[in-house]
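Some notes on the structure that comes next.
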Ligand SMILES: Cc1cc2nc3c(=O)[nH]c(=O)nc-3n(C[C@H](O)[C@H](O)[C@H](O)COP(=O)(O)OP(=O)(O)OC[C@H]3O[C@@H](n4cnc5c(N)ncnc54)[C@H](O)[C@@H]3O)c2cc1C
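This is the structure we're talking about:
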């Protein structure tokens with residue numbers, strides 16, 4: 195063991211700060227000296243409650259027990275996202291976390307489905323996906339026969355406290371107070387310490403900037419620069435409000451588009467998280483608030499939380515001896531619930547590329563190149579939802595429909611339109627199934643299917659399609675209702691589950 199422990203200072207105790215603290219302490223706690231600084235007076239952003247399935251792998255890495263975590267955060271299960279009014283007003287589709295159809299060695303399932311559709315023997319695309327049908331029937335189970343791919347809806351404040359407990363138990367020191375100054379080495383520009391308003395100095399070797407959109411270290415001090423993507427993702431504001439639950443929690447997030455953005459509904463065990471995301475150029479704050487308040491069912495539990503944001507990414511996530519994580523590293527709007535996931539990949543990346551002693555530029559460059567490509571791929575997937583629309587009922591949607599989009603995304607859309615092919619780049623978060631569901635859901639129907647499926651006699655194709663749909667229905671019949679499953683698996687102390 196090295197005799198001098200590396201000092202890691204984490205600035206910020208929101209979801210990002212505590213995820214980083216808990217993971218570093220769990221994996222490298224014995225060889226690191228970790229301090230986290232946060233200010234209760236400043237507080238956290240207070241949103242970020244829908245997640246995606248890779249969170250389960252990350253939790254396994256941290257040895258987190260799923261039931262314990264769900265009880266502590268009043269979590270519910272999430273099988274995907276239901277999109278309403280995105281392709282057109284009144285249109286609905288589902289982006290599930292599951293696989294649709296069956297993998298074949300010949301070609302992707304969609305080609306069999308397209309031919310079946312042409313012959314009039316195929317059901318809706320989603321009917322061949324267990325997660326989709328389970329979500330709509332409000333079913334959930336964890337069992338060997340009917341394996342579902344799932345994520346969670348969770349209470350963000352409780353999640354940070356849950357992680358804090360684990361991090362502190364593994365030796366992370368927490369410091370309450372405001373950072374007044376970030377001190378740097380005059381020659382190298384490396385950060386040397388955080389000076390607190392109380393006058394105390396917190397020195398470190400490596401600093402993680404988890405101070406949210408302020409980016410106190412990465413931007414206010416190191417002036418790293420920000421690449422803005424507002425021309426592709428024009429929403430720049432949100433209002434969030436928590437309400438009482440009015441019925442059983444459904445196992446999916448709802449994303450409902452409106453004439454200048456969209457709004458969300460995230461059901462937890464004890465309440466519902468609601469929010470509206472909008473472009474301030476197309477909708478005023480007061481109009482957005484009225485729209486949100488008139489759309490929620492339950493009684494309000496919190497005051498509306500108004501959030502302005504800039505979509506884009508920090509030009510370098512890692513600059514000198516500072517790594518930005520969470521909102522300090524950039525922001526992609528929450529349409530596909532990717533931000534918490536990106537904190538987790540940032541921490542995993544740091545663990546893999548952790549500097550051996552001195553920080554060398556090669557490791558910094560590698561980290562930054564991986565972070566950039568992750569941001570860009572997720573960004574393109576989100577842009578797809580805005581671009582591929584038939585909506586032209588408002589200036590906002592006309593802008594989205596007509597805007598120029600990144601070349602790679604245009605290529606992907608054309609490939610799907612012409613050949614029904616969704617390609618998935620190596621290491622990419624969103625899999626082929628995700629691209630296919632969103633392309634179809636947004637109204638892009640391929641002009642043709644792979645000719646190899648014509649070799650399958652019509653009768654065999656019908657048997658093939660029917661057997662998948664029948665299996666899905668059989669598995670659903672074995673599942674509990676979501677509410678019953680929560681009650682048995684992870685009832686929270688303050689849950690509203692009856
Ligand atoms: C509208 C909206 C909806 C979202 N929905 C989702 C979602 O459904 N799913 C998802 O994955 N993500 C979502 N996100 C993103 C998610 O909220 C964030 O990724 C996550 O909460 C991490 O935030 P953070 O920890 O980086 O920042 P914050 O929560 O802002 O924390 C910043 C921390 O820094 C501290 N700090 C700041 N300045 C100082 C100072 N001077 N001195 C000391 N401490 C300081 C604060 O006290 C706080 O502890 C959403 C974001 C927005 C804006």
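Numbering (the numbering used here), first residue to last: 195 to 692. For glycine and all other residues, C-beta sits at the position ideal for the given N, C-alpha and C.
Taking 8 Å as the cut-off, decide whether the C-beta atoms of residue i and residue j are in contact.
i: residue 402; j: residue 517; result: yes
i: residue 430; j: residue 503; result: yes
i: residue 463; j: residue 686; result: yes
i: residue 697; j: residue 357; result: Not covered by the structure: residue 697. The range shown for the chain is 195 to 692.
i: residue 515; j: residue 388; result: no
i: residue 248; j: residue 538; result: yes
i: residue 677; j: residue 443; result: yes
i: residue 668; j: residue 641; result: no
i: residue 266; j: residue 352; result: yes
i: residue 473; j: residue 428; result: yes
i: residue 599; j: residue 426; result: yes
Output the distance between the C-alpha atoms of residue i and residue j, rounded to the nearest integer angstrom.
i: residue 208; j: residue 522; result: 11 Å
i: residue 567; j: residue 493; result: 42 Å
i: residue 259; j: residue 535; result: 18 Å
i: residue 475; j: residue 512; result: 32 Å
i: residue 321; j: residue 362; result: 46 Å
i: residue 565; j: residue 238; result: 24 Å
i: residue 637; j: residue 445; result: 25 Å
i: residue 432; j: residue 333; result: 31 Å
i: residue 240; j: residue 625; result: 29 Å
i: residue 663; j: residue 653; result: 15 Å
i: residue 383; j: residue 409; result: 16 Å
i: residue 205; j: residue 505; result: 22 Å
i: residue 589; j: residue 490; result: 25 Å
i: residue 478; j: residue 585; result: 21 Å
i: residue 497; j: residue 483; result: 11 Å
i: residue 342; j: residue 199; result: 43 Å
i: residue 360; j: residue 317; result: 47 Å
i: residue 683; j: residue 467; result: 22 Å
i: residue 233; j: residue 374; result: 11 Å
i: residue 251; j: residue 650; result: 39 Å
i: residue 281; j: residue 527; result: 19 Å
i: residue 582; j: residue 529; result: 15 Å
i: residue 618; j: residue 215; result: 32 Å
i: residue 487; j: residue 275; result: 22 Å
i: residue 471; j: residue 454; result: 8 Å
i: residue 261; j: residue 597; result: 45 Å
Would you mind reading off the limits of the alpha helix (DSSP H) that contains residue i?
i: residue 452; result: It is not in any alpha helix (DSSP H) - residue 452 instead sits in the beta strand (DSSP E) that spans 447-452.
i: residue 660; result: 652-671
i: residue 573; result: 555-581
i: residue 351; result: 350-363
i: residue 630; result: 626-635
i: residue 715; result: There is no way to answer for residue 715, as the model of the chain reaches only from 195 to 692.
i: residue 484; result: 479-489
i: residue 541; result: 533-546
i: residue 679; result: 676-683
i: residue 507; result: From DSSP, residue 507 is part of no alpha helix (DSSP H) but of the beta strand (DSSP E) over 506-508.
i: residue 248; result: 248-255
i: residue 209; result: 209-222
i: residue 307; result: 303-313
Residues in the same chain with beta-carbon distance under 6 Å from residue i, minus the five sequence neighbours each way, listed in chain order, please.
i: residue 244; result: 347, 447, 460, 531
i: residue 674; result: 335
i: residue 501; result: 432
i: residue 434; result: 241, 469, 499
Apart from the five residues on each side of it in sequence, which residues of its chain come closer than 8 Å, Cβ to Cβ, to residue i?
i: residue 666; result: 321, 322, 323, 324, 327
i: residue 420; result: 413, 504, 506, 507, 508, 509, 524
i: residue 672; result: 335, 337, 339, 340
Could you tell me whether any Cβ in chain C is nearer than 8 Å to the Cβ of residue i?
i: residue 571; result: Here chain C cannot be found, since the structure has a single protein chain.
Which residues mark the beginning and the end of the beta strand (DSSP E) in which residue i is found?
i: residue 389; result: 385-390
i: residue 374; result: 373-378
i: residue 325; result: From DSSP, residue 325 is part of no beta strand (DSSP E) but of the alpha helix (DSSP H) over 324-330.
i: residue 287; result: 286-290
i: residue 200; result: 200-205
i: residue 187; result: No information on residue 187 is available, as it lies outside the stretch 195 to 692 that the chain covers here.
i: residue 589; result: Where residue 589 is concerned, there is no enclosing beta strand (DSSP E), although the alpha helix (DSSP H) it sits in stretches over 589-596.
i: residue 430; result: Counting along the chain, residue 430 falls outside any beta strand (DSSP E), and DSSP gives it neither H nor E.
Quick one: residues in its chain with C-beta nearer than 7 Å to the C-beta of residue i, no 5 flanking neighbours on either side, listed in chain order?
i: residue 221; result: 545
i: residue 549; result: 557
i: residue 602; result: 574
i: residue 349; result: 243, 267, 268, 462
My understanding is that residue i touches residue j, with C-beta atoms under 8 Å, so please give their C-beta distance in whole angstroms.
i: residue 301; j: residue 646; result: 6 Å
i: residue 398; j: residue 202; result: 6 Å
i: residue 495; j: residue 543; result: With 8 Å as the limit, residue 495 and residue 543 do not qualify as a contact, their Cβ atoms being about 37 Å apart.
i: residue 288; j: residue 329; result: 7 Å
i: residue 701; j: residue 331; result: For residue 701 there is no data in the structure shown, the boundaries of the chain being 195 and 692.
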